[in-house]
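Q: Residue numbers (the working numbering): 3 to 123. Cβ coordinates follow ideal geometry from the N, Cα and C atoms, glycine included. Predicted model only: the values in this text are computed from it and were never measured.
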Amino acid sequence: MKKEVSTKKLVETIIEGIQNRKGQRIVTVDLRKLPVAPAEYFVIAEGGSNTQVAAIADEVDSFVRTETHVHPLFVDGRDNAEWIVLDYGNIFVHIMQREPRAYYDIEHLWADGKITEIPEV
Numbered sequence: 003m004k005k006e007v008s009t010k011k012l013v014e015t016i017i018e019g020i021q022n023r024k025g026q027r028i029v030t031v032d033l034r035k036l037p038v039a040p041a042e043y044f045v046i047a048e049g050g051s052n053t054q055v056a057a058i059a060d061e062v063d064s065f066v067r068t069e070t071h072v073h074p075l076f077v078d079g080r081d082n083a084e085w086i087v088l089d090y091g092n093i094f095v096h097i098m099q100r101e102p103r104a105y106y107d108i109e110h111l112w113a114d115g116k117i118t119e120i121p122e123v
């Protein structure tokens, strides 16, 4: 029988995968108290180039599969790797280059949620 993975464990595993590839400025946005939110959490991180953004996204996908046996429902943005989104249903992972992240500023669009900055390791 397949064991369910808690949202907390999945968020922690995603963050660890991002850190494995030196993702920067990692934040989580807890959206659970917002009635119109598309997910329970956003995990947002930054890479310095399209190569690093792609590497971070690939590592998150691989690491989460290995550690939790959870697969993303959908992945978008791999073509140009400026902004890659991994959709885990209740968690959206946004891996972005610095310029698109500053321009779209999605963590502050959802600032009614609880924003937590993850310390660099």
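Going straight from the alpha carbon of L33 to that of K116, what length do you get?
A: Answer to the nearest angstrom: the Cα atoms are 7 Å apart.
Q: Checking 8 Å against the spacing of the C-beta atoms, do R100 and E61 come in under that value?
A: Not closer than 8 Å, so no.
Q: Going by beta-carbon coordinates alone, are A59 and L12 separated by less than 8 Å?
A: Contact: no.
Q: From V38 to F94, what does the alpha carbon distance come to, in whole angstroms?
A: So the two alpha carbons sit approximately 15 Å from each other.
Q: What does the alpha-carbon distance come out to for the pair A113 and F44?
A: Cα to Cα, the separation comes out at about 11 Å.
Q: State buried or exposed for G50, treating a residue as buried only when at least 16 other CB atoms are found within 10 Å of its CB.
A: Exposed: under 16 other Cβ atoms inside 10 Å.
Q: Between which two residues does the beta strand (DSSP E) holding K116 run?
A: Unbroken beta strand (DSSP E) run through K116: 116 to 119.
Q: Leaving aside the five residues before and after I20 along the sequence, list all residues of the same chain whose C-beta is less than 7 Å from its C-beta, in chain order.
A: For I20, where only same-chain residues beyond five positions count, the Cβ hits under 7 Å are I28, A47, I58, V62.
Q: Rank T15, K10, Y90, I86 by C-alpha distance to the C-alpha of R103 and give the top, closest one.
A: Of the listed residues, the one whose Cα sits closest to R103 is I86.
Q: Enumerate in chain order the residues of its own chain whose CB-to-CB distance from P74 is below 7 Å, with the five nearest sequence positions on each side excluded.
A: Correct list, in chain order: D63, L88, D89, Y90.
Q: For M3, collect the residues of the same chain with a Cβ closer than 7 Å to its Cβ; drop the 5 residues on either side in sequence, then sort them by chain order.
A: Here the model assigns M3 a pLDDT of 39, short of 50, so the residue's position is not dependable, and the following value carries that caveat. Excluding positions up to five away in sequence, the list is empty.
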